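Q: Have a look at the structure that comes next, please.
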Amino acid sequence: MDGTFNENDLSRVVEADRAHIWHHLIQHKPFETNDPRIIVEGKGMRVWDQKGKEHLDAVSGGVWTVNVGYGRESICKAVYDQLMKLCYFANSAGSIPGAIFAENLIAKMPGMSRVYYTNSGSEANEKAFKMVRQIAHKRYGGKKTKILYRDRDYHGSTLAAMSAGGQDERNAQYGPFAPDFVRVPHCMEYRKHELGLEDLSGEAFGQAAADAIEQVILREGPDTVGALCLEPVTAGGGVIEAPEGYWQRVQEICKKYEVLLHIDEVVCGVGRTGTWFGYQQYGIKPDFVTMAKGVASGYAAIACMVTTEEVFDMFKDNADDPLNYFRDISTFGGCTAGPAAAIENMRIIEDENLLQNCTNMGERMMGNLQALMDKHKVIGDVRGKGLFLGAELVADRATKEPVNEKQAQAVVADCMAQGVIIGVTNRSVPGKNNTLCFSPALIATADDIDQITDAVDGALGRVFG
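Here the sequence shown is numbered in my numbering, starting from 44 and rising by one per residue.
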C-alpha cells in the first residue's frame with residue numbers, strides 16, 4: 044500500500060459517480076463544478092482518495108464502523124470461504140456461521156440469550172419496536188404500546204426509527220411519523236440549564252435527569268408505556284455520556300413500571316467504549332440490545348437484535364395460537380457473510396487486546412482534548428468514553444452559545460486538508476450542530492491519536508484565531 048494511483052485511470056469512475064451516485068448525507072450541487080471524493084483503498088488507519096492523497100481516518104469509515112481497521116486479510120478470507128460454501132439461505136433455517144457467532148456473542152452478554160439477524164441498525168431497532176408492540180397486544184390488552192426515546196438520541200432512518208428519533212433536523216420534512224413514540228429529556232450535564240437543573244451536578248443531576256423519565260411515564264400512564272429506548276452514549280446528537288447515578292435510576296424506573304429497556308448499541312457496540320458493549324460500563328441489564336456497525340467492522344453487512352430468554356418465551360407460550368410467534372423476516376438477515384466476518388472480527392479484538400487499547404488510547408485522546416480546551420477558548424466541553432469522543436465548540440463559555448455550524452464545519456475541512464478525517468454533528472439538533480466527533484479505530488496508536496489532535500489544534504487556530 045503506497046497510496047499512489049494514476050489519476051487518468053480513475054477519471055471514468057469519477058464521472059460515473061458524478062452522473063449516477065446519490066451519496067448519503069451530502070448536498071450534490073457542488074459536484075456540478077467539483078469532483079466527488081472517491082475513497083479507493085484503505086490500510087490500517089489510513090485511506091487514500093482518487094488523487095492518491097493519504098488520510099488518517101479518525102471516524103472509522105465516516106460513521107464509526109471500521110473498528111478493527113482496513114485491510115484485514117483474515118476477515119476477507121473468512122467471508123470468501125463461507126460464500127463459496129453457502130452464501131445465503133433465509134433465516135427460517137439456520138447456518139453454521141450464524142449459530143457460531145450467536146454463541147460467541149451471547150458469551151459476551153451475560154443475561155442475554157437470543158440473536159435475531161438483520162442487515163442494518165435501523166432494521167434491528169425496528170424488530171425490537173415490533174416485539175414491544177406484539178407483547179403489548181399479547182400481554183396487556185393492546186395498551187402498553189408506547190415507546191419512550193430520548194432527546195438527541197438517534198435510532199435509524201426508517202420511518203418507525205425516526206419516530207423514535209430525538210434529532211429534529213434529521214426528522215424535518217419526513218413526517219408524519221408513527222404514533223405512540225414519546226420523547227423524554229436528554230441527560231447532558233453540560234446543557235443542564237435547558238432542563239431547569241442548573242443547580243445540580245454529578246450524581247444528583249444524573250438521578251434528576253432519570254427522574255424526568257419517570258415523570259413522562261406517569262404523565263402518559265404506566266399502563267400505556269411498553270419500552271424505553273436509549274443509546275448508552277448518545278452519538279450523532281453530540282457524543283453525550285450520562286453522568287453517574289443516571290443508569291441505576293433508569294433501571295429502577297423500568298422495573299417499577301414494567302417497562303422493557305432497549306439499549307441501542309449500533310455505534311457503541313463491539314468495543315467502541317472499551318467494553319464489548321457500552322451498557323456494560325454502567326452495570327445495567329437490558330431486555331433488548333441492538334447492534335450493527337462494528338459487529339463486522341464494515342467487512343460485511345450485519346446487524347443483530349439480541350434479547351433475553353424471558354422475552355423470547357413470550358412468543359412461544361401458546362403453540363396452538365397461529366399468531367403467537369414473531370411473524371417477521373429480514374431477507375438479508377439470512378446472508379452468511381455477516382456472521383462469518385463477525386466471528387473473525389471478534390477474534391481479532393480478543394487476540395490483539397483491542398478493548399484495553401481502546402481504553403488506553405481513549406484516555407490519551409481525552410487528555411489531549413482537555414489540553415486543547417485549555418488552549419482554545421472555543422472548546423466549551425469535551426466528553427465521551429473510550430475511543431468515542433466529542434468536543435463541543437462554543438462562541439462564549441459563559442453562555443454556552445454554540446459556534447456557527449459553518450465554523451465547526453470549517454474545522455473539519457481544515458483537518459481534511461491536513462490529511463486527517465474527523466466528524467461533526469450534522470443536521471441533528473437545530474442550532475447545535477457544533478460538536479466535533481472522533482471515533483478512530485480500536486487499533487489506534489499514540490502517534491495516531493497525537494496526529495489527530497495536532498490537526499484539530501492547527502485547525503482551531505486557523506478558523507478561530
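Even for Gly, the Cβ is constructed at its ideal location relative to N, Cα and C. None of these values were measured; they are calculated from a predicted model.
(1) If you draw a straight line from the C-alpha of residue 157 to the C-alpha of residue 367, how long is it?
(2) Pick out whichever of 69, 75, 83 has its Cα sitting closest to the Cα of residue 56.
(3) Take residue 387 and list the residues in its own chain whose beta-carbon comes closer than 6 angstroms to its own, dropping the five residues that flank it on each side.
(4) Hey, quick one: how far does the alpha helix (DSSP H) through residue 305 stretch, first residue to last?
(5) So for residue 510, helix, strand or coil by DSSP?
(6) Please work out which residues of its chain come closer than 8 angstroms, Cβ to Cβ, to residue 185, disregarding the five sequence neighbours upstream and downstream, and give them in chain order.
(7) Okay, do the segment 302 to 309 and the segment 327 to 343 touch, 3+ Cβ pairs below 8 angstroms being the bar?
(8) Using three-state DSSP, classify residue 46 as helix, strand or coil.
(9) Report the rounded CA-to-CA distance for residue 263 versus residue 304, giving the unit in angstroms.
(10) Sort 54, 287, 301 by Cα distance to residue 77 and report the nearest one.
(11) Are the beta-carbon atoms of residue 209 and residue 193 separated by less than 8 angstroms?
(12) From 476, 292, 181, 457, pick the residue whose C-alpha is nearest to that of residue 435; which is it?
(13) Give every residue of the same chain whose Cβ lies closer than 8 angstroms to the Cβ of residue 225, excluding the five residues on either side of it in the sequence, and list them in chain order.
(14) Near residue 230, which residues of its chain fall below 6 angstroms by C-beta distance, leaving aside the five closest residues on each side in sequence?
(15) Three or more beta-carbon pairs under 8 angstroms between the segment 347 to 364 and the segment 167 to 176, yes or no?
(16) Quick check on the DSSP output: the alpha helix (DSSP H) that includes residue 490 runs from which residue to which?
(17) Apply the 10 Å Cβ neighbour rule to residue 44 and answer buried if 16 or more other Cβ atoms are within range, or exposed otherwise.
(18) Count the other CB atoms within 10 Å of the CB of residue 440; is the residue buried (16 or more) or exposed (fewer)?
(19) Mind listing, in chain order, the continuous alpha helix (DSSP H) runs of no fewer than 4 residues lying wholly within the segment 365 to 399?
(20) Who are residue 443's beta bridge partners in DSSP?
(21) Are the CB atoms of residue 350 and residue 331 nearer to each other than 8 angstroms?
(22) Skipping 5 residues on each side, what residues in its chain have a beta carbon closer than 8 angstroms to that of residue 98?
(23) Using 10 angstroms around the beta-carbon of residue 130, count the other beta-carbons present and answer buried if the total reaches 16, otherwise exposed.
(24) In angstroms, rounded to a whole number, what distance separates the CA positions of residue 405 and residue 452?
(25) Between residue 46 and residue 373, what straight-line distance do the alpha-carbon atoms span, to the nearest angstrom?
(26) Assuming residue 383 contacts residue 164 under a Cβ cut-off of 8 angstroms, what Cβ separation, rounded to an integer in Å, is found between them?
(27) May I have the straight-line CA-CA distance separating residue 133 from residue 377, to the nearest angstrom?
(28) In the DSSP assignment, what are the bridge partners of residue 161?
(29) Between residue 162 and the rest of its own chain, which residues show a CB-CB distance below 8 angstroms, the 5 nearest in sequence each way excluded?
(30) Assuming residue 254 and residue 292 are in contact, meaning their beta carbons sit under 8 angstroms apart, how far apart are those beta carbons, in whole angstroms?
(31) Hey, could you find the ends of the alpha helix (DSSP H) residue 251 is sitting in?
(32) Buried or exposed, going by whether 16 or more other CB atoms sit within 10 Å of the CB of residue 420?
(33) Anyone know if the C-beta pair for residue 102 and residue 480 falls short of 8 angstroms?
(34) Report the residue from 85, 123, 363 whose alpha carbon sits nearest the alpha carbon of residue 113.
(35) By the three-class DSSP mapping on this structure, what secondary structure does residue 434 have?
A: Walking through what the data contain:
(1) Looking at the two C-alpha atoms, the distance is approximately 17 angstroms.
(2) Ranked by how close their Cα comes to the Cα of residue 56, the residues 69, 75, 83 have 83 in first place.
(3) When the five nearest sequence neighbours on each side are left out, the beta carbons in the same chain lying within less than 6 angstroms of the beta carbon of residue 387 are those of 117, 118, 121, in order along the chain.
(4) Premise fails: residue 305 lies in the beta strand (DSSP E), 303 to 307, not in any alpha helix (DSSP H).
(5) Outside the modelled stretch of the chain, which goes from 44 to 508, sits residue 510, for which no answer is possible.
(6) Hits under 8 angstroms: 179.
(7) Pairwise C-beta distances place the segment 302 to 309 in contact with the segment 327 to 343, as three or more of them are shorter than 8 angstroms.
(8) For residue 46, the pLDDT reaches just 49, beneath the cut-off of 50, and the residue's location in the model is therefore unreliable, leaving the point undetermined.
(9) Rounded to whole angstroms, residue 263 to residue 304 spans 17 angstroms at the Cα level.
(10) If we check each option's Cα against that of residue 77, 54 comes out closest.
(11) Going by C-beta atoms, residue 209 is nearer than 8 angstroms to residue 193.
(12) Measuring C-alpha to C-alpha distances from residue 435 to each of 476, 292, 181, 457 identifies 476 as the nearest.
(13) Take residue 225, set aside five residues on each side of it, and the residues of its chain with a beta-carbon closer than 8 angstroms to its own are 189, 190, 191, 192, 259, 263, 268, in chain order.
(14) Apart from the 5 residues on each side of it in sequence, residue 230 sits with its Cβ closer than 6 angstroms to the Cβ of 252, 285, 289 in its chain, given in chain order.
(15) The segment 347 to 364, when compared against the segment 167 to 176, does touch it at the 8 angstroms Cβ threshold.
(16) It spans 489 to 507 - the alpha helix (DSSP H) in which residue 490 sits, taken as one unbroken run.
(17) The predicted model places residue 44 with a pLDDT of 47, which falls under 50 and marks its position as unreliable; any figure quoted below should be read in that light. Residue 44 is exposed by the Cβ-count criterion.
(18) Exposed.
(19) The qualifying runs are 380 to 394.
(20) Residue 443 has no beta-bridge partner at all, per DSSP.
(21) Yes, they are a contact pair.
(22) Sequence-distant Cβ neighbours of residue 98 in its own chain, meaning closer than 8 angstroms and more than five residues away, are 89, 90, 91, 92, 459, 462, 463, 464.
(23) Looking at its Cβ environment, which holds fewer than 16 other Cβ atoms inside 10 Å, residue 130 is exposed.
(24) Each residue's alpha carbon lies about 23 angstroms from the other.
(25) In this predicted model, residue 46 has a pLDDT of only 49, less than 50, meaning its place in the structure is not dependable; the value taken from the coordinates is given anyway. C-alpha of residue 46 to C-alpha of residue 373: approximately 38 angstroms in a straight line.
(26) No, residue 383 and residue 164 are not in contact; Cβ-Cβ is about 19 angstroms, not under 8 angstroms.
(27) Spanning the two alpha carbons is a distance of roughly 5 angstroms.
(28) Residue pairing by DSSP places residue 161 opposite 346 in a beta bridge.
(29) For residue 162, the CB contacts under 8 angstroms within the same chain, skipping 5 residues up- and downstream, are 344, 345, 346, 373, 374, 375, 376, 378, 381 in chain order.
(30) Contact holds; Cβ gap of about 7 angstroms.
(31) For residue 251, the enclosing alpha helix (DSSP H) stretches over residues 245 to 263.
(32) Exposed.
(33) Against a cut-off of 8 angstroms, the Cβ pair of residue 480 and residue 102 comes out as a contact.
(34) Here the closest residue by C-alpha is 85.
(35) Residue state for residue 434 is assigned as strand, using DSSP reduced to three classes.
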